[in-house]
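**Student:**
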Amino acid sequence: MNSIFYLAIQIAAIVLVAPLVNGLIRKVKAFTQKRTGPPVLQMYFDLYKLFKKEAVVSEVTSWVYKVAPYIVFATTLAAAMLVPVTTLLVPFGFPGDVIMLIYIFALGRFFLALAGLDAGSTFGGMGSSREGMISALMEPAILVSVFTVGLISKSTSVLQMMEGSKSMGIPLSHPVYLLVFLALLIIIIAETARIPVDDPSTHLELTMVHEAMVLEYSGRHLALMELGAAVKQLVLITFVVNVFLPHDQLLSMGGPGVIAISLLIYLAKVILFSVIMALIEVNTVKFRFFSVPNLAALSFILAFLGFLNQFVLS
Amino acid sequence: MNLLTISNLYGGAVVLYFLAAIASLVFLKLHKSNNAIAHSLNILASLLGAVAAVWQIWLGDLLIKLADFPFPISFITINITIDRLSSFFVLALSVLVFCVSIYSLGYVTHYFGKRKVALFNFLYSAFVLSMFFVLTAGNAILFFIVWEIMSLLSYFLVVFESEQRENQKAGLLYIAMTHVGASFLLIAFMVMYSYTGSFDIFAGSTAIPLAVKNIMFLLFLIGFGVKAGVIPFHIWLPYAHPAASSNVSALMSGIMIKTAIYGLVRFVLFYLGSPAAWWGVLILALGIVSAVLGIAYALMERDIKRLLAFSSIENIGIILIGLGISALAFAQNNLFLAGLALTAALFHTANHALFKGGLFLGAGAVQYATGTRDIEKLGGLIKKLPVTSLFVLGFSLAISAIVPFNGFVSEWLTYQSLFLAVSAGNGSVNIVYIIAVAALAMAGALAAVCFIKLFGIAFLGLPRSEKAAKAREVPAAMQAGMGLLAALCILLGFLPLLFLQLVDKVVSSFIGAANAGQLKGGWLIAYYPVEVGENSIYPLMLVFVVVLLSLLALVAIRVLGGAYRERKYGTWDCGYRKLNARMQYSATGFSKPLRIVFRILYRPSRKLETGEGSSVYFPVSQKYSVATESIFERYLYSPILLLANRFSVKAGSAIQTGSLHLYLLYILAAIVAAVLYNRIV
Chain X
4 MNSIFYLAIQ IAAIVLVAPL VNGLIRKVKA FTQKRTGPPV LQMYFDLYKL FKKEAVVSEV
64 TSWVYKVAPY IVFATTLAAA MLVPVTTLLV PFGFPGDVIM LIYIFALGRF FLALAGLDAG
124 STFGGMGSSR EGMISALMEP AILVSVFTVG LISKSTSVLQ MMEGSKSMGI PLSHPVYLLV
184 FLALLIIIIA ETARIPVDDP STHLELTMVH EAMVLEYSGR HLALMELGAA VKQLVLITFV
244 VNVFLPHDQL LSMGGPGVIA ISLLIYLAKV ILFSVIMALI EVNTVKFRFF SVPNLAALSF
304 ILAFLGFLNQ FVLS
Chain R
20 MNLLTISNLY GGAVVLYFLA AIASLVFLKL HKSNNAIAHS LNILASLLGA VAAVWQIWLG
80 DLLIKLADFP FPISFITINI TIDRLSSFFV LALSVLVFCV SIYSLGYVTH YFGKRKVALF
140 NFLYSAFVLS MFFVLTAGNA ILFFIVWEIM SLLSYFLVVF ESEQRENQKA GLLYIAMTHV
200 GASFLLIAFM VMYSYTGSFD IFAGSTAIPL AVKNIMFLLF LIGFGVKAGV IPFHIWLPYA
260 HPAASSNVSA LMSGIMIKTA IYGLVRFVLF YLGSPAAWWG VLILALGIVS AVLGIAYALM
320 ERDIKRLLAF SSIENIGIIL IGLGISALAF AQNNLFLAGL ALTAALFHTA NHALFKGGLF
380 LGAGAVQYAT GTRDIEKLGG LIKKLPVTSL FVLGFSLAIS AIVPFNGFVS EWLTYQSLFL
440 AVSAGNGSVN IVYIIAVAAL AMAGALAAVC FIKLFGIAFL GLPRSEKAAK AREVPAAMQA
500 GMGLLAALCI LLGFLPLLFL QLVDKVVSSF IGAANAGQLK GGWLIAYYPV EVGENSIYPL
560 MLVFVVVLLS LLALVAIRVL GGAYRERKYG TWDCGYRKLN ARMQYSATGF SKPLRIVFRI
620 LYRPSRKLET GEGSSVYFPV SQKYSVATES IFERYLYSPI LLLANRFSVK AGSAIQTGSL
680 HLYLLYILAA IVAAVLYNRI V
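Sequence order for the protein chains is X and R. Each residue of the first sequence is one higher than the last, beginning at 4 in the working numbering. Each residue of the second sequence is one higher than the last, beginning at 20 in the working numbering.
(1) Please go through the same chain and pick out, in chain order, the residues whose beta-carbon is closer than 8 angstroms to the beta-carbon of Gly-446(R), but skip the five residues on each side of it.
(2) Indicate whether at least one CB of chain R lies closer than 8 angstroms to the CB of Thr-205(X).
(3) Between Leu-511(R) and Thr-210(X), what straight-line distance do the alpha-carbon atoms span, to the nearest angstrom?
(4) Given this structure, state the Cα-to-Cα distance separating Pro-22(X) from Met-46(X), to the nearest angstrom.
(5) Any beta-carbon of chain R closer than 8 angstroms to the one on Glu-219(X)?
(6) Given this structure, state the Cα-to-Cα distance separating Leu-240(R) from Leu-283(R), to the nearest angstrom.
(7) Within 8 angstroms (strictly less), CB to CB, does Phe-150(X) reach chain R?
(8) By the three-class DSSP mapping on this structure, what secondary structure does Lys-135(R) have?
(9) Could you tell me whether the Cβ of Gln-603(R) comes closer than 8 angstroms to any Cβ of chain X?
(10) Counting only beta-carbon atoms, is Lys-597(R) nearer than 8 angstroms to chain X?
(11) Check whether the region 107-119 of chain X and the region 169-183 of chain X are in contact - that is, three or more C-beta pairs closer than 8 angstroms.
(12) Taking the runs of the alpha helix (DSSP H) that are 4 residues or longer, which of them lie wholly in the region 254-292 of chain R?
(13) Starting from the C-beta of Asn-599(R), find all residues in its chain whose C-beta is less than 8 angstroms away, skip the five residues before and the five after it, and write them out in chain order.
(14) Just verifying my parser: in three-state terms, what is the DSSP assignment at Ser-59(R)?
(15) Go through the region 562-628 of chain R residue by residue and report every complete run of the alpha helix (DSSP H) that reaches 4 residues or more, in order.
(16) For chain R, check one thing: does any of its Cβ atoms lie closer than 8 angstroms to the Cβ of Lys-169(X)?
(17) Specify whether the region 19-34 of chain X and the region 266-278 of chain X touch according to this definition: at least 3 beta carbon pairs, one from each stretch, less than 8 angstroms apart.
(18) Rounded to the nearest angstrom, what separates Val-616(R) and Ala-186(X) at their Cα positions?
(19) Taking Ala-572(R) and Leu-80(X) to be in contact with their CB atoms under 8 angstroms, please state how far apart those CB atoms are, rounded to whole angstroms.
(20) Based on Cα-Cα distance, which residue from Glu-631(R), Trp-431(R), Met-461(R) lies nearest to Ile-307(R)?
(21) Chain R beta carbons: is any one of them nearer than 8 angstroms to that of Phe-276(X)?
(22) Among residues of its own chain, excluding the 5 on either side of Ala-279(R), which ones have a beta-carbon nearer than 6 angstroms to its beta-carbon?
(23) If we count Cβ pairs, one from each stretch, closer than 8 angstroms, do we get three or more for the region 45-61 of chain X versus the region 213-225 of chain X?
(24) In terms of DSSP beta bridges, what is Gln-641(R) paired with?
(25) Contact criterion: CB-CB distance below 8 angstroms. Does Ser-132(X) meet it with respect to chain R?
(26) Would you list, in chain order, the members of the region 578-590 of chain R that have their beta-carbon closer than 9 angstroms to a beta-carbon of chain X?
(27) Please classify Trp-542(R) as buried or exposed, where buried requires at least 16 other C-beta atoms within 10 Å of its C-beta.
(28) Give the interface partners of Ile-107(X) over in chain R, defined as CB-CB distance under 7 angstroms, in chain order.
(29) Who are the Cβ neighbours of Leu-381(R) in its own chain at under 7 angstroms, not counting the five residues just before and after it?
(30) Measuring only the C-alpha atoms, how far is Tyr-588(R) from Lys-597(R)?
(31) Assign Ile-686(R) to one of three DSSP states: helix, strand, or coil.
(32) Tell me which residues share the same chain as Ser-345(R) and place their Cβ nearer than 6 angstroms to its Cβ, disregarding the 5 neighbours each side in the sequence.
(33) Starting from the beta carbon of Thr-159(X), find every residue of chain R whose beta carbon is closer than 8 angstroms, and list them in chain order.
(34) Roughly how many whole angstroms lie between the Cα atoms of Tyr-174(R) and Met-103(X)?
(35) First and last residue of the alpha helix (DSSP H) that includes Asp-87(R)?
(36) Three-state secondary structure (DSSP) at Ala-420(R)?
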């Protein structure tokens, strides 16, 4: 029973809120550029419209192309199950392992990249190729980051990592958490295809990565791809805000009310983080593609320094 | 008297393999029946072997003496002894041989009437038998003899299609490298005898002082490292694997290079007992280098089988990372960690046998259907070879360590070993561990890119050549062989505990029962955790939940969007409407970003040749070529060869002057030296 309740809250909190984060980021960007911008709920309208539209499918494609959106979406659903939005509600025997989380995303990326190649279009191949490079360069930083945080709380379980940081007071005041946080910030920007790594709002072939891979998609396939990307983004944000800005230790009362309050605080943290991401996007320009390795290196070095500080020097 | 015993099953397997070899020499001209009989016998033999191996690991005695004959020379015995470690590798061998032999029933048909099928099948069966004996030999000299037989037989199989010059070159390189390795092993065994007075593998090594053990360790590491393809001893592998037939390369990459892993576990961990911490660090470092560089080189290849060969180097690296942690933990007497890391290494060994064997079979199927292994000439095979494509996709996912396939489970265990190692470790060693984590992560991500390239370019999109467009699905036997391996990959991914308990029995028979209590889980589907300490993954439960949620999502989409409608149309081409296969991304183009990023490693060079027409602006032809360079061949092996060549030329002219008197003096000096040595020692 508890598990079902947990699943329901997770889906409601992550899958349904995910498009809102995108809307929020766009709104903040528009605001800083003195534009009105689309409504915050625009992505919901877009998705609804796309679900209803007919799909245009290239004659060249195989079943991989049609299966890919479902697999991409299913993997983000799986990921959403593994990262609790609130630690108060986790069922017994919770299987959320952070390494598994990373490799679940890898499954989605694998099919996303294959889908890019399936239509035989140059754009798709270009996107897959670039995505491959970015993911290969970011992966060491991701693992070193989560290992460092995991080692502090002595477990690679996402829940244990959240529990571990709860007992740290303000985790970001510890140098190791701060360094890893910065590393993960860079990783999230890369993984969610945002400026300066990629530009989500462009269809200019010279710069696109993620958009190039899904260029052929339309109708409900596209909707699933877009929703999947949004869910992935929120899962990553959830991981970061709940590990680095834990809030559940502040709540001492029991009962269902506490869960509601916890969820509200969680939402506030997500909004705060989204605004930060939007501001980063506004204040940077897109990097040249071959400058991305520098960014990956920076992220790796930050995580590595965090590790050194905690486990080698002390 | 009970006929159904483990020894009898093993004996039966040996006899059947032997019969398969003999039978293939009997039906010399009848290619069809020759092939059917030989491979049926192999299938049967491997089945017996697999049953016996599982039985022995699960319930059997720790040591089973299959044979123990004395030999005219006193210190050699024909001693076939099987313990659980041997059984584990025999199990991997048997399962792979079972699938590859089924595949061969179909695959070898393309040799009918063209090549010596009898010879091929004889070599194949004898090769399998020799590997069986390598894994079960109880006497070091016997081990060395069958090791050499295995190397020679595989050499003949590498040069089987001998009319091609590159195959001859590959064979020469292979036999040269493998003998360099073997000579190191021989020295190690001689040292072993001179200190213990025995060649018995299962005897103790307490009589050997630590300093000598250190030397023996290095000898074993180089000797087995050459066979395993550990960087920097790997140069033979990317030549030998493509040269051999695909079913043979599946065996070579799937299990033959693992006999070296067996050797390392047997001699370094168990025989010498890994007494010094630096052994583990050295193995770990070699593993890190092999894992990252192996897959980095694989990424640049356009020949499917060369790509797979480099990827084998990567996987050997991952196995070595596990072994290295285990050796290090052994030295520090952290038995739980040693057991866990060894479990990870052995699990990955078995996994790699399954998916790499499968991938080589897939490469063979592609070659069978299209006649080429060049990725740039393929494309669109998913429509021509639907079944093969499905299996190759499965293997590609498994080798990229993607959830929920078997590769993920063993990599997860390796990560967990590293995690525990850091938790228990101190100071500077932790740097090595975290570098291993980063290396493993990078290797995993690069492997995914590499296999996206392999599958995406060769199987998806439009066919890039006439041959690829006319390909037809391969015979059913070949499909069955690949299908079985693919099914095993999924099974081990979904229900890893089934297999982990087997591995655990192997490991705990050496380390004690340290691990057994830690691997929890029952037989129920929904509750099947792989658990290490407090960290756990539930592959099957996850799949179950995700499938359920996805079905819910499908219903939701249906409700939101109504029935699915689709329209077929051309790929988006900016309105040009003449998109063709040549405009697709190529394999070389696909890996270009990484080639540029890692240009220090690859040292790429490019050449643009323009055939000028009437004006420079309208060239009649253009040829663009990219080449990468192997830094190991250029900066390590070439100088050594050059030096050796120079020395031998100089020494040759100094020693062989052509004077008969001088030669007689040499003989006299040699006799005097021999007599003196005998007197003194």
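For glycine and all other residues, C-beta sits at the position ideal for the given N, C-alpha and C.
**Tutor:** Quick answer:
(1) As a position in the second sequence, residue 446(R) is number 427, starting the count at 1. None.
(2) Counted from its first residue, the first sequence places residue 205(X) at position 202. By this cut-off, Thr-205(X) is not an interface position.
(3) Residue 511(R) sits at position 492 when you count from the first residue of the second sequence. Residue 210(X) sits at position 207 when you count from the first residue of the first sequence. If you take the alpha carbons of Leu-511(R) and Thr-210(X), they lie about 41 angstroms apart.
(4) Taking the first residue of the first sequence as position 1, residue 22(X) is located at position 19. Taking the first residue of the first sequence as position 1, residue 46(X) is located at position 43. In a straight line, the C-alpha of Pro-22(X) is about 6 angstroms away from that of Met-46(X).
(5) Counting from 1 along the first sequence, the entry for residue 219(X) is found at position 216. Yes - at least one Cβ of chain R is within 8 angstroms of the one on Glu-219(X).
(6) Taking the first residue of the second sequence as 1, we reach residue 240(R) at position 221. Taking the first residue of the second sequence as 1, we reach residue 283(R) at position 264. For Leu-240(R) and Leu-283(R), the distance between alpha carbons rounds to 7 angstroms.
(7) Locating residue 150(X) in the first sequence gives position 147, counting from the first residue. Chain R, which has a Cβ nearer than 8 angstroms to the Cβ of Phe-150(X), makes this yes.
(8) Taking the first residue of the second sequence as position 1, residue 135(R) is located at position 116. Lys-135(R): coil per DSSP, three-state reduction.
(9) Here residue 603(R) corresponds to residue number 584 of the second sequence, with the count starting at 1. So yes, Gln-603(R) belongs to the interface.
(10) Numbered from 1 along the second sequence, position 578 holds the residue referred to as residue 597(R). No, Lys-597(R) lies away from the interface with chain X (no Cβ there is under 8 angstroms from its Cβ).
(11) no
(12) 256-262, 265-270, 276-282
(13) Numbered from its first residue, the second sequence carries residue 599(R) at position 580. Hits under 8 angstroms: Leu-481.
(14) Walking along the second sequence from the start, residue 59(R) turns up at place 40. Three-state DSSP puts Ser-59(R) in a helix.
(15) 606-609, 611-616, 618-621
(16) By one-based count along the first sequence, residue 169(X) stands at place 166. With 8 angstroms as the cut-off, Lys-169(X) does not count as an interface residue toward chain R.
(17) yes
(18) Position 597 of the second sequence holds residue 616(R). Position 183 of the first sequence holds residue 186(X). So the alpha carbons of these two residues sit roughly 20 angstroms apart.
(19) Walking along the second sequence from the start, residue 572(R) turns up at place 553. Walking along the first sequence from the start, residue 80(X) turns up at place 77. Contact holds; Cβ gap of about 7 angstroms.
(20) Your numbering for residue 307(R) matches position 288 in the second sequence. Ile-307(R) has its Cα closest to that of Met-461(R), out of Glu-631(R), Trp-431(R), Met-461(R).
(21) As a first step, residue 276(X) is located in the first sequence; it is residue number 273 there, counting from the start. So no, Phe-276(X) is outside the interface.
(22) One-based indexing of the second sequence puts residue 279(R) at position 260. Result list for Ala-279(R): Phe-243, Lys-246, Ala-247, in chain order.
(23) yes
(24) Indexing the second sequence from 1 puts residue 641(R) at position 622. Answer by DSSP bridge pairing, in chain order: Thr-629(R).
(25) Walking along the first sequence from the start, residue 132(X) turns up at place 129. Ser-132(X) counts as touching chain R.
(26) Leu-579, Gly-580, Gly-581, Tyr-583, Arg-584, Glu-585, Arg-586, Lys-587, Tyr-588, Gly-589, Thr-590
(27) Numbered from its first residue, the second sequence carries residue 542(R) at position 523. Low local confidence applies: a pLDDT of 41 at Trp-542(R) is under 50, so the model's placement there is unreliable, with the coordinate-based value given in what follows. Exposed, by the Cβ-count rule.
(28) What you label residue 107(X) is simply residue 104 of the first sequence in a count that begins at 1. Within chain R, the residues near Ile-107(X) are Val-422.
(29) To locate residue 381(R), count along the second sequence from 1; it is residue 362. The sequence as given places Gly at residue 381(R); Leu does not occur at that position. For Gly-381(R), where only same-chain residues beyond five positions count, the Cβ hits under 7 angstroms are Thr-407, Phe-410, Val-411, Phe-414, Met-501.
(30) Locating residue 588(R) in the second sequence gives position 569, counting from the first residue. Locating residue 597(R) in the second sequence gives position 578, counting from the first residue. Tyr-588(R) and Lys-597(R): Cα-Cα distance of roughly 13 angstroms.
(31) Taking the first residue of the second sequence as position 1, residue 686(R) is located at position 667. In this structure, Ile-686(R) counts as helix in the three-state DSSP scheme.
(32) Taking the second sequence and counting its residues from 1, the one referred to as residue 345(R) is at position 326. Excluding sequence neighbours, Ser-345(R) sits near Ala-357, Ala-360, Leu-361.
(33) Reading the first sequence from its first residue, position 156 is the one you call residue 159(X). Within chain R, the residues near Thr-159(X) are Tyr-434, Gln-435, Phe-438, Asn-554.
(34) The count along the second sequence starts at 1 and reaches residue 174(R) at position 155. The count along the first sequence starts at 1 and reaches residue 103(X) at position 100. If you take the alpha carbons of Tyr-174(R) and Met-103(X), they lie about 41 angstroms apart.
(35) Counting from one through the second sequence, the residue named residue 87(R) turns up at place 68. Not the alpha helix (DSSP H): Asp-87(R) falls in the beta strand (DSSP E), residues 83-89.
(36) Looking up residue 420(R) in the second sequence gives position 401. Coil.
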